[in-house]
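Numbering (the numbering used here), first residue to last: 659 to 779.
Idealized CB from N, CA, C, for every residue including glycine.
On a predicted model such as this, the values are computed, not experimentally measured, just so you know.
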């Protein structure tokens, strides 16, 4: 059954997806359709989870907006997700970063940044 689903959904997968991981700071550009108009809306934050595989793969982005934590779940291969821009890379030791939900202030958005060695860009 799983092979049949993979065969059907194979042509709906995006060819190029930005290489991002949990802990990275990203900007997600989404297409918003309002009536007959279409625009791009940006949601910037930290990736706290990445789940699933194939056409069902999703990722959760969290940001602090006006003192409240806001999370959105985006499908990786959705046609409404225009592009995913990686702002800053991080070095995490976890697959999910749900502990950020309990933190307040600056600490809620701090993740260890990846330090590149000189000459290895």
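Contacts around residue i, its chain only, beta-carbon distance under 6 Å, and the 5 residues preceding and following it disregarded
i: residue 708; result: 680, 717
i: residue 814; result: For the chain, the structure presents residues 659 to 779; residue 814 sits outside this window and is missing.
Residues bridged to residue i (per DSSP)
i: residue 699; result: 688
i: residue 722; result: 727
i: residue 732; result: 717
i: residue 683; result: 704, 746
Neighbourhood of residue i by C-beta, 7 Å cutoff - its chain only, sequence neighbours within 5 removed
i: residue 685; result: 700, 702, 743, 745
i: residue 769; result: 681, 704, 748, 750
As assigned by DSSP and simplified to three states, the class of residue i
i: residue 661; result: helix
i: residue 716; result: strand
i: residue 740; result: strand
i: residue 646; result: Since the displayed the chain opens at 659 and closes at 779, residue 646 lies outside it and no answer follows.
i: residue 792; result: This structure does not reach residue 792, given that the chain is present from 659 up to 779, and the question cannot be answered.
i: residue 709; result: strand
Own chain residues within Cβ distance below 8 Å of residue i, not counting five before or after
i: residue 675; result: 734, 735, 742
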